Amino acid sequence: MDKFIICLKPLFCLLIFVGVLFRCNTRSNSTLQRTQRPNILFAIADDQSFPYASIYGTKGVNTPTFDRVARDGALFTNAFAAAPQCSPSRAAILTGKNIWQLEEAGTHASYFPKIPVFTDVLEESGYHIGYTGKAWGPGDWQTSGWERNPVGPAFNEYEMKAVPTSGIKVNDYFSNFKAFLEKRSGDQPFFFWYGGHEPHRGYEYGSGKKSGRPLEEVEVPKFLPDTEVVKNDVNDYAFEIEWFDKHLGKMLAFLEEKGQLDNTIVVVTADNGMPFPYAKANLQEYGTHVPLAICWPQKISSNQVIEELVSLIDLAPTFLDLAELDQLPATTGKSMAALLFNDDEYVNRKYVFTGRERHTHARPNNLGYPVRAIHSKEYLYVRNLNPALWPAGDPVDSSWKEVLSGTKFKGMWPGYHDVDDSPSKMLILDNKEEYTMFFNLAYEKRASEQLYHIAIDPFCIDNVISDPKYAEVRKELSIALESELKAQGDPRMFGRSIFDSYPRVSSMREFEGFKERRKYNPEYLEEGQKIIN
21 MDKFIICLKP LFCLLIFVGV LFRCNTRSNS TLQRTQRPNI LFAIADDQSF PYASIYGTKG
81 VNTPTFDRVA RDGALFTNAF AAAPQCSPSR AAILTGKNIW QLEEAGTHAS YFPKIPVFTD
141 VLEESGYHIG YTGKAWGPGD WQTSGWERNP VGPAFNEYEM KAVPTSGIKV NDYFSNFKAF
201 LEKRSGDQPF FFWYGGHEPH RGYEYGSGKK SGRPLEEVEV PKFLPDTEVV KNDVNDYAFE
261 IEWFDKHLGK MLAFLEEKGQ LDNTIVVVTA DNGMPFPYAK ANLQEYGTHV PLAICWPQKI
321 SSNQVIEELV SLIDLAPTFL DLAELDQLPA TTGKSMAALL FNDDEYVNRK YVFTGRERHT
381 HARPNNLGYP VRAIHSKEYL YVRNLNPALW PAGDPVDSSW KEVLSGTKFK GMWPGYHDVD
441 DSPSKMLILD NKEEYTMFFN LAYEKRASEQ LYHIAIDPFC IDNVISDPKY AEVRKELSIA
501 LESELKAQGD PRMFGRSIFD SYPRVSSMRE FEGFKERRKY NPEYLEEGQK IIN
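According to our numbering, the sequence shown is numbered sequentially starting from 21.
Quick look at the structure:
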């Protein structure tokens, strides 16, 4: 018997070696057997900036589920949304294209043209797909001929009996996820889009502090005044991030209980940055730099920290690659599969490109604020294509507060509508003499070019575009940006302002005095042109 065991040992070692070799080969290969196609759980928060997750080292926010996903797979430190607003960013994720390639979907709250999306490819190949919460939106997908939201069928039947604050949606995301899974057939692979409404505004002021979160731990970004009002506002924002994280935690626990987590790709990110002045709706860092963690316990090595530049337009080709499906036509994004598997074949991005058009109905004539930007690991170069406009929307004199007395805008400035109404916004506007730097960053008109040395100025405080020391960097990034935009057919590079002609289907701000704001920008109007509500 002992001799038999001894004889088996070489064979046993050989089998282990072959098994290890096979597993290593599997990890270095971005394609899989169809019989092993993975499930995909995609969790996307609404308005969450990098680095607001606890694994990034940010104080005052606790995200154990995001941290778990990052530890079980890969944590990204340089991930960027294609746009700093939800609907164009989400359209870019679905299509794998930049916003200037998306027609109406490239601006906020317009139409979604019949452009191919990765969710349709997954469904056609046999995936069970669906979403809960916020899918693509806001906007109109029916007019373009979609029979449902481009993300897929909705699962929003279940609601919470109670939520901790008035700012949190009653959607029972976890129960709706379970309802989705009950609809699939057998071991059918699934793709589920968990679109949390949090941490989108509005917040219940002081809710974070009431929940036991001390203000002393709150980290206020340096483009906002470090006051008790702002700390409370950031604390309330962090509280809603944690709510999003808790529902995701329930989903992972359920999959683990059912023995399905190992073969599920989990992706956690956000559509754009935090809803504060100089963040959301801006191409500066806190508008487009987002958290990203990806795990696939069965296949992807754990505890990876990936510092390479990636864009959320890379998700569509990544999902299709990992599911061994054909790519979408003319995709601009590139698959991250080889990057996740530590494959030397992956070619790192040198740059990531971002852009924005109209956000809200913040200017007469429905005009937006067109901007394009290019990111390297060290620098951010921003090109403001119409610097005569106000970047956050037109201002309104403080006297308009009297006009609005008794309306739904009571207590709020009716100007600068590209910045979400908030205590932080009001604090700066009501005290702009005291907070001049913060006011200028968020609201004042901007130079046609901006350059930030992100490695030493992540808050984008110091525009070094005129510093001779950065002349070569400015030239390199300017040429690279314009060259790529032209290659991708950006209408703005060819003198076409077509984005301003696209309708905005979300609610308009029709209050007394709105049209009178043209006095701040007479350059808007050509001779004989009329104001359009």
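Glycine is no exception: its CB is placed at the ideal position from the N, C-alpha and C atoms.
None of these values were measured; they are calculated from a predicted model.
What are the boundary residues of the alpha helix (DSSP H) that residue i is part of?
| i | result |
| --- | --- |
| I261 | E248 to E277 |
| A462 | T456 to Y463 |
| F138 | F138 to E144 |
| Y306 | E305 to T308 |
| H505 | Here residue 505 is Leu; the residue named in the question, His, does not match the sequence. A491 to A507 is the span of the alpha helix (DSSP H), which, as asked, contains L505. |
| A358 | A357 to L360 |
| I326 | Taken as a continuous stretch (DSSP letters only), I326 belongs to no alpha helix (DSSP H), being part of the beta strand (DSSP E) at Q324 to I326. |
| I448 | P443 to D450 |
| R110 | C106 to T115 |
| A336 | L335 to L342 |
| E202 | Y193 to E202 |
| K229 | S227 to K230 |
Could you give the C-beta distance for residue i and residue j, rounded to a whole number, given that I count them as a contact under 8 Å?
| i | j | result |
| --- | --- | --- |
| V249 | S69 | The pair is not a contact, with the Cβ atoms about 19 Å apart (cut-off 8 Å). |
| A467 | P384 | Between P384 and A467 the Cβ distance is about 23 Å, and since that is not below 8 Å, they are no contact. |
| K229 | L235 | 6 Å |
| E179 | N191 | 6 Å |
| D450 | P295 | Actually they are not in contact, since the Cβ atoms of D450 and P295 sit about 19 Å apart, beyond 8 Å. |
| R512 | L405 | 6 Å |
| T284 | P58 | 6 Å |
| P317 | D363 | Not confirmed; about 19 Å, so no contact. |
| Y401 | R524 | With 8 Å as the limit, Y401 and R524 do not qualify as a contact, their Cβ atoms being about 28 Å apart. |
| A313 | G93 | 7 Å |
| I485 | E469 | 5 Å |
| Y399 | L497 | 6 Å |
Just to confirm before moving on: does the CB-CB distance between residue i and residue j stay below 8 Å?
| i | j | result |
| --- | --- | --- |
| G307 | P104 | yes |
| A256 | N386 | Reading off the sequence shown, one finds Asp at residue 256, where the question assumed Ala. For D256 and N386, no; Cβs fall outside 8 Å. |
| F458 | L244 | yes |
| I64 | D438 | no |
| G226 | N252 | yes |
| E177 | E218 | no |
| K134 | G165 | yes |
| Q280 | L95 | no |
| L501 | R376 | no |
| G216 | G153 | yes |
| G435 | V416 | yes |
| I474 | P297 | no |
Return the first residue and the last residue of the beta strand (DSSP E) that residue i is part of.
| i | result |
| --- | --- |
| T284 | T284 to A290 |
| A94 | A94 to F100 |
| I60 | N59 to A65 |
| I149 | H148 to G153 |
| F212 | F210 to G215 |
| G375 | V372 to R376 |
| N404 | Y399 to N404 |
| Y472 | E469 to H473 |
| A393 | V391 to H395 |
Can you give me the Cβ contacts of residue i inside the same chain, cut-off strictly under 7 Å, excluding the 5 residues immediately before and after it?
| i | result |
| --- | --- |
| C44 | Its pLDDT being 36, under 50, C44 is placed unreliably by the model, and the measurement read from it follows with that caveat. Same-chain partners within the cutoff: there are none. |
| F514 | none |
| K354 | D334 and P337 |
| E276 | none |
| C33 | Below a pLDDT of 50, predicted positions are generally treated as unreliable, and C33, at 38, falls in that range; no measurement from the model is reported. |
| D477 | none |
| E9 | Examination of residue 9 is not possible in this model, given that the chain is present from 21 through 553 alone. |
Which same chain residues, not among the five before or five after residue i, have their C-beta less than 8 Å away from its C-beta?
| i | result |
| --- | --- |
| F100 | T308, H309, V310, L329, V330, S331, L332, V372, T374 and H395 |
| A199 | F175, E177 and Y178 |
| T139 | L114, I149, P170, V171, G172, F211 and W213 |
| T352 | G116, K117, N118, Q121, I333 and Q508 |
| F42 | Reliability fails at F42, whose pLDDT of 35 lies under 50, so the model's placement of it is uncertain and no value is given. |
| R54 | Because R54 sits at a pLDDT of 43, beneath the cut-off of 50, its placement in the model cannot be relied upon, and the point is left open. |
Within its chain, find whatever has a CB closer than 6 Å to the CB of residue i; leave out the 5 residues flanking it on each side and keep chain order.
| i | result |
| --- | --- |
| R47 | Summary for R47: the model assigns pLDDT 35, below 50, so the residue's position carries little reliability; its value from the coordinates is reported in the next sentence. Cβ within range, chain order: F361. |
| T286 | Going by the sequence as given, residue 286 is Val instead of Thr. Answer for V286: L61, V89 and C315, listed in chain order. |
| S50 | Caution is warranted here: a pLDDT of 36 is assigned to S50, below 50, making its placement in the model unreliable, and the coordinate value is therefore given only provisionally. Counting only Cβ-Cβ distances below 6 Å, and skipping sequence neighbours, we find D341, A357 and A358. |
| K278 | none |
| Y131 | E124, D160, T163 and S164 |
| M432 | In this predicted model, M432 has a pLDDT of only 45, less than 50, meaning its place in the structure is not dependable; the value taken from the coordinates is given anyway. For M432, where only same-chain residues beyond five positions count, the Cβ hits under 6 Å are D441. |
| E224 | T185, S186 and G187 |
Cβ contact check for the region 144-154 and the region 360-373: 3 or more pairs under 8 Å: no
Cβ contact (3+ pairs, closer than 8 Å) linking the region 263-271 and the region 300-316: no
Cβ contact (3+ pairs, closer than 8 Å) linking the region 122-141 and the region 60-76: no
Stretch-stretch touch, CB-based, cutoff 8 Å, three pairs: the region 332-342 with the region 461-475: no
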